[in-house]
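Visitor: If you're matching positions, the sequence shown starts at 3 in the working numbering and goes up one per residue. A virtual CB, placed ideally from N, CA and C, is assigned to each residue, including glycine.
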Amino acid sequence: MTRPARLARYGFADNGARATDLLGPGGLRLWDTEAQAPVDERAAGLLEALSRAADPNLALRQLHRIVEAADRGGAKAGEELIGALAADQGLRRRLSAVLGASSALGDHLVAHPEHWRTLATGRSGLPPEADGGLADFDQLTVPALRTAYRISLLRIAAADLTAGRGLEPTMEALSRLADETLAAAYAIAVAGLPAATPEPRLAVVAMGKCGGNELNYVSDVDVIFVAAGDEDLQAGTTVAARLIEICGQVAWPVDAALRPEGSRGPLVRTLASHQAYYRRWARTWEFQALLKARPAAGDLALAQEWIADLAPLVWHAAERPEAVADVRDMRRRIIDNVPKRELDREIKRGPGGLRDIEFAVQLLQLVHGRVDETLRGGGTLPALRALVTGGYVGREDGETLLRGYRFLRGVEHRLQLQQLKRTHTVPDDPDGLRWLAAALGYTALPGRDAVESFRSDWVGHAANVRRLHVKLLYRPLLEAVARVPAEELRMTPESARKRLEILGFADPAGALRHLEALTGGVTRTSAIQRTLLPMLLQDFADAPEPDRGLLNYRQVSDKLGSTPWYLRLLRDAGPVARRLARVLSLSRYATDLLTRDPEALRLLAEDAELQPRPRESLRDGFAAAGDRHTDPVKAIAAVRALRRRELFRVACADILSQGGDLAPDRPLDVDEVGTALSGVTDATLNAALRIARRVKPAPEGLRFAVIGMGRLGSYEMSYPSDADVLFVYEPPPGIPESEASAAAHAIAEEMRRLLNAPAPDPALGVDADLRPEGRQGPLVRSLQAYRQYYERWSKVWEAQALLRARFVCGDDDLGRRFEELADGVRYPAGGLTREQVVEIRRIKARVETERLPRGADPNTHTKLGRGGLADVEWAVQVTQLRHAHAVPELCKTRTTEALAAAAEAGLIAEADAAEMAAGWTLAARVRNALTLVRGRPTDQLPRHGVELAGVVLLLDGGDPGEFVDRYLRLTRRSRAAMERVLES
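1. Opposite D34 in the DSSP bridges: which residues?
2. Measure the alpha-carbon distance for L956 versus L588 and round it to whole angstroms.
3. Write down the C-beta distance between I657 and R584 rounded to the nearest angstrom, noting that I regard them as a contact closer than 8 angstroms.
4. Determine, using beta-carbon pairs with one atom in the stretch 421–438 and one in the stretch 103–113, whether at least three such pairs fall under 8 angstroms.
5. So, for L572: in the same chain, excluding its five sequence neighbours on each side, which residues have a beta-carbon less than 8 angstroms away from its beta-carbon?
6. Could you tell me if R945 is buried or exposed, where buried requires 16 or more neighbouring beta carbons within 10 angstroms of its beta carbon?
7. Near V316, which residues of its chain fall below 6 angstroms by C-beta distance, leaving aside the five closest residues on each side in sequence?
8. Under 8 angstroms between the Cβ atoms of A259 and S265?
9. DSSP state of F624, grouped into three classes?
10. Taking the alpha-carbon positions, what's the N17 to V461 distance?
11. Quick one, are the C-beta atoms of A520 and R556 less than 8 angstroms apart?
12. For the beta strand (DSSP E) that G210 lies in, which residues bound it at each end?
13. Enumerate in chain order the residues of its own chain whose CB-to-CB distance from G661 is below 8 angstroms, with the five nearest sequence positions on each side excluded.
14. Near F624, which residues of its chain fall below 7 angstroms by C-beta distance, leaving aside the five closest residues on each side in sequence?
15. For the alpha helix (DSSP H) containing A191, list its first residue and its last residue.
16. Going by C-alpha distance, which of P448, V413, R450 and L447 is nearest W437?
17. Below 8 angstroms, how does it come out for the stretch 704–714 and the stretch 724–739: are there three or more Cβ pairs, yes or no?
18. Round the Cβ separation of N554 and L606 to the nearest angstrom and send it over; I've been treating them as touching at under 8 angstroms.
19. I need the straight-line Cα distance from A858 to E852, nearest angstrom please.
20. Can you give me the C-alpha to C-alpha distance between E985 and R843, rounded to a whole angstrom?
21. For the pair the stretch 668–684 and the stretch 784–799, tell me if three or more CB-CB distances fall below 8 angstroms.
22. How many angstroms separate the CA atom of L83 from the CA atom of V69?
23. Can you tell me which of the three DSSP states V784 falls into?
24. I think T286 touches A319, with their Cβ atoms under 8 angstroms apart; what is that distance to the nearest whole Å?
25. Less than 8 angstroms separating the beta-carbons of L356 and L410?
26. Candidates V928, I336 and N59: which alpha carbon is nearest D433's?
27. Alpha carbon to alpha carbon, what distance is there between L757 and R646?
28. Note down, one range per segment and in chain order, each beta strand (DSSP E) of at least 3 residues found wholly within the stretch 207–287.
29. Can you grab the Cα-Cα spacing for the pair L111 / T149, in whole Å?
30. Which partner residues does V730 have in the DSSP bridge list?
31. Using only the alpha-carbon positions, how far apart do G832 and E981 sit?
32. According to DSSP, is V810 helix, strand or coil?
33. Across which residues does DSSP place H1072 in a beta bridge pair?
34. Determine the contact status of D549 and D509, defining contact as a CB-CB distance below 8 angstroms.
35. Give me the residue from L538, D358 and A979 with the minimum Cα distance to A905.
36. So, helix, strand or coil for G826, using DSSP?
If you want it as structure tokens, here you go:
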């Protein structure tokens with residue numbers, strides 16, 4: 003084996019030559035060049051320790067330099083170090099880790115080789131103290147302070163790299179070291195005053211990361227200087243300036259730019275001057291900075307007095323009209339100031355970086371800390387934990403931010419420790435990335451190297467941090483709370499009555515009784531309600547009937563208030579409270595569902611829960627629920643309960659999709675609502691069929707299928723839609739037709755009975771009227787009977803009805819064969835004859851005159867009115883009947899898909915297709931909204947009133963009159979386009 007290969011297993015990647023020179027007889031004498039192995043077991047142990055360093059080559063070079071420097075300082079000093087490393091395993095680990103992670107600390111040890119002893123294990127067997135206290139500092143001189151600082155920093159770094167003690171102890175140790183350094187520099191500065199000058203009363207207030215006890219390795223230390231009175235200004239300014247100078251020589255720059263007027267203002271102000279400035283001139287970011295203020299050095303009592311005096315201003319800053327926007331704008335400006343070439347690599351200021359977490363936490367502190375004193379801590383992590391504990395941040399979100407913060411700060415620490423330089427940018431060169439990944443403890447895994455693992459974690463954390471930053475910083479709940487004065491957040495009867503009158507409740511006295519019932523007493527439940535209700539009242543007031551929204555909220559709270567999760571969910575889970583307010587105040591349909599199934603409220607907590615479940619998942623879940631019960635009544639009750647839950651899911655997603663910041667990540671459009679409702683119906687019918695077949699045993703081998711028709715078949719169901727179906731069966735061989743028919747008929751009747759039985763959920767009507775011969779024909783037919791009927795007796799309207807036929811549930815093979823049979827009828831060879839076209843037009847005219855309800859306004863009837871759903875569907879279906887035999891792209895059950903295909907094929911003018919698509923989509927949305935608002939089916943859009951206002955709020959929030967005008971305009975154009983298609 004070659005020398006490089008021998009040394010490569012220790013991580014010395016320089017082709018072996020340089021490593022051999024440093025380790026061999028002319029160097030550290032740890033490597034036998036003849037045997038190509040360590041000289042002894044102690045040497046092997048030291049090589050193993052060096053190999054585990056972030057950069058083994060750097061660690062080896064640094065160690066060699068230290069030994070050489072030690073030898074220059076005294077006989078056998080280098081041998082003493084090597085011997086100590088061999089004998090002291092803790093020293094070996096700590097020194098190797100430091101030398102491989104920090105070239106700057108290595109340089110310090112080269113300059114002061116005797117300082118390796120500060121890392122040695124004590125006689126008690128414990129590692130050296132690394133809590134941030136200044137080590138061996140007994141002389142008030144700058145050189146002594148510099149040495150003490152570096153020794154303490156060396157110990158903190160060693161503990162950080164090897165002790166596995168976590169981020170927070172390291173930050174606290176670095177912050178304590180900063181405090182003690184400031185105090186020592188203060189003492190040196192005071193000692194340097196002229197003899198006749200009395201010591202001023204001067205406070206050094208830590209700000210920023212130091213104030214929050216979360217300092218990193220290399221950072222400006224932000225401070226504000228406060229003098230007690232005018233008599234302390236001159237001497238205090240001298241001490242402050244000298245302190246800044248000393249700290250710059252010893253450790254890091256001291257930055258006093260957070261003081262009033264920044265760098266343009268005086269370095270030191272009196273307590274009274276500070277008070278005057280903050281009361282009159284301070285901007286939001288200055289109060290935000292005060293969240294981290296903490297006494298650090300000098301007159302600590304004066305610092306505490308200054309903090310206490312400004313606290314009331316801090317905790318009312320969020321009530322400024324511009325406060326929330328100011329914090330958001332400041333964050334955006336920070337991102338804008340990052341050079342574009344560094345934006346994706348900036349772990350502090352860039353998107354998904356540390357500033358995202360800090361700004362989100364600080365804004366929540368400013369808003370909620372007005373009445374909750376547990377949120378008034380300075381550190382980001384303690385404040386974040388308090389926000390989670392108090393329910394202002396969800397537990398999962400809080401834990402994700404905690405992990406993200408620890409990861410990003412860990413990366414920042416390793417970057418800065420390398421050269422003790424201020425940096426927050428991840429390197430983009432391969433060597434730098436490899437070093438960083440190793441410094442963070444990443445190792446190669448099968449199929450994935452350390453850099454890839456680091457990148458994956460970094461991207462994941464940054465994405466989560468950015469997502470939660472946006473969620474917390476921009477959620478409407480935050481602005482709603484900030485707009486409520488602190489006095490009103492306390493919900494006294496006087497403030498509540500006054501606010502109800504201002505908000506326009508129709509019955510302020512009744513509303514007040516609801517509030518008193520919800521917030522009265524001293525229980526934790528009433529306390530949380532007192533926090534929530536001031537925010538929710540505005541949402542109720544924005545609805546057409548605020549009193550109804552509050553009443554619905556009380557009813558839900560009465561049912562769920564004693565459960566341990568209800569109010570915690572409202573307070574913890576981001577937008578849940580305001581989402582609930584929108585649902586309760588705008589939709590009787592969803593409110594009725596929720597009062598019957600209050601636990602469905604949990605669906606509002608996560609955006610993922612507001613997405614329709616996949617069709618197969620619904621089928622399997624509904625079927626399993628029914629199969630768990632042998633009693634058909636209990637079985638269908640379980641299935642209908644699941645249906646009720648899914649209807650609530652879809653309804654809430656629909657209601658919230660136009661809710662601005664309350665909308666889920668993927669708002670539902672009307673096509674997705676139709677698909678979701680059709681999927682729920684498919685699953686319900688499938689489960690009901692399984693139950694019916696258990697209740698009504700049939701001859702073995704009897705095949706049975708349910709065919710979806712109408713809106714069910716086209717995946718365009720709305721909330722009030724019945725399930726239009728056909729029932730088809732196929733008798734097993736050897737079974738008389740009459741016996742099979744009776745069995746199939748019993749199954750179909752049992753399905754309808756189960757689904758039409760009274761229950762606390764919206765009924766699902768099973769309508770088989772589109773079967774051959776309508777209500778006069780048999781409820782169930784065999785596939786052969788359908789074939790015979792369609793071949794001999796089928797009328798054009800039945801072919802039209804089959805355009806939306808699809809297999810829903812039951813026997814797959816039978817269902818597919820029915821679809822094949824339907825294809826020959828609905829896509830007739832040669833298209834339609836002239837007589838058939840005339841017949842369709844005649845039927846269309848009759849439908850318009852006979853089926854439109856008496857007294858209905860044809861201009862605003864969404865289903866049968868001019869330019870509404872039926873108009874567009876007839877135009878599309880006529881086009882399919884005419885041309886689908888020649889244009890396979892038209893063979894679709896969905897109206898909008900078939901319309902698009904017709905336009906693509908040039909069968910319908912693109913302008914006409916666009917007009918009809920716009921009319922159909924608006925009519926479908928309005929029809930759904932009407933049911934959501936009223937709680938019962940209707941197809942008539944009112945011209946005025948609270949129901950119209952509710953529909954408009956659900957759809958776009960504009961002016962109701964303008965909305966009706968737009969509806970009339972779009973449907974008029976849709977009607978004209980339909981007429982052109984039918985007449986072509």
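Guide: On the basis of the data shown:
1. Paired residues: A39.
2. The straight-line gap from Cα to Cα measures roughly 7 angstroms.
3. Contact annotation, I657 with R584: C-beta distance approximately 6 angstroms; criterion of less than 8 angstroms satisfied.
4. Because the criterion of three Cβ pairs below 8 angstroms is met, the stretch 421–438 and the stretch 103–113 touch.
5. I530, L534, V578, A579 and L582, listed in sequence order.
6. Its Cβ having fewer than 16 others within 10 Å, R945 is exposed.
7. F289 and L292.
8. Here A259 is near S265, since their CB atoms are less than 8 angstroms apart.
9. For F624, the three-state secondary structure derived from DSSP is helix.
10. Per-residue confidence for N17 stands at a pLDDT of 46, beneath the threshold of 50, marking its modelled position as unreliable; the derived number appears in the next sentence. When the Cα atoms are used, N17 and V461 turn out to be separated by approximately 34 angstroms.
11. Residue identity differs from the one stated: residue 520 is Leu in this sequence, not Ala. For L520 and R556, yes; Cβs fall inside 8 angstroms.
12. Counting along the chain, G210 falls outside any beta strand (DSSP E), though it belongs to the alpha helix (DSSP H) covering G210 to G213.
13. Excluding residues within five positions, the ones whose Cβ falls inside 8 angstroms are R581 and R584.
14. Cβ neighbours of F624 beyond the five flanking positions: V641, L644, A685, T686, N688 and A689.
15. Where A191 is concerned, the enclosing alpha helix (DSSP H) stretches over L169 to A193.
16. Selection P448, V413, R450 and L447 evaluated against W437 yields V413 as nearest (Cα-Cα).
17. Yes, they touch.
18. For N554 against L606, the beta-carbon gap comes to about 14 angstroms, at or over 8 angstroms, which does not count as contact.
19. Computed Cα separation, rounded: 12 angstroms.
20. The alpha-carbon separation between E985 and R843 amounts to approximately 9 angstroms.
21. Touching, no.
22. About 7 angstroms.
23. It should be noted that the sequence gives Ser, not Val, for residue 784. Annotated three-state conformation of S784 is strand, per DSSP.
24. In this structure T286 touches A319 by the C-beta definition: roughly 6 angstroms separates them, less than 8 angstroms.
25. Yes, Cβ-Cβ distance for L356 and L410 is below 8 angstroms.
26. Comparing alpha carbon positions, the residue from V928, I336 and N59 closest to D433 is N59.
27. The alpha-carbon of R646 is positioned some 13 angstroms away from that of L757.
28. The beta strand (DSSP E) runs of length 3 or more contained entirely in the stretch 207–287 are, from start to end of the chain, 223–229 and 270–272.
29. L111 and T149 have their C-alpha atoms roughly 11 angstroms apart.
30. Bridge partners of V730: A707 and R783.
31. Straight across, the Cα-Cα distance linking G832 with E981 is about 23 angstroms.
32. In the three-state reduction of the DSSP assignment, V810 falls in the strand class, which pools E and B.
33. Residue coverage of the chain in this structure runs from 3 to 986, which leaves residue 1072 outside it and unanswerable.
34. Annotated as proximal: D549 and D509, with beta-carbon spacing under 8 angstroms.
35. Selected option, being the one with the closest Cα: A979.
36. Here DSSP, grouped into helix, strand and coil, assigns G826 to helix.
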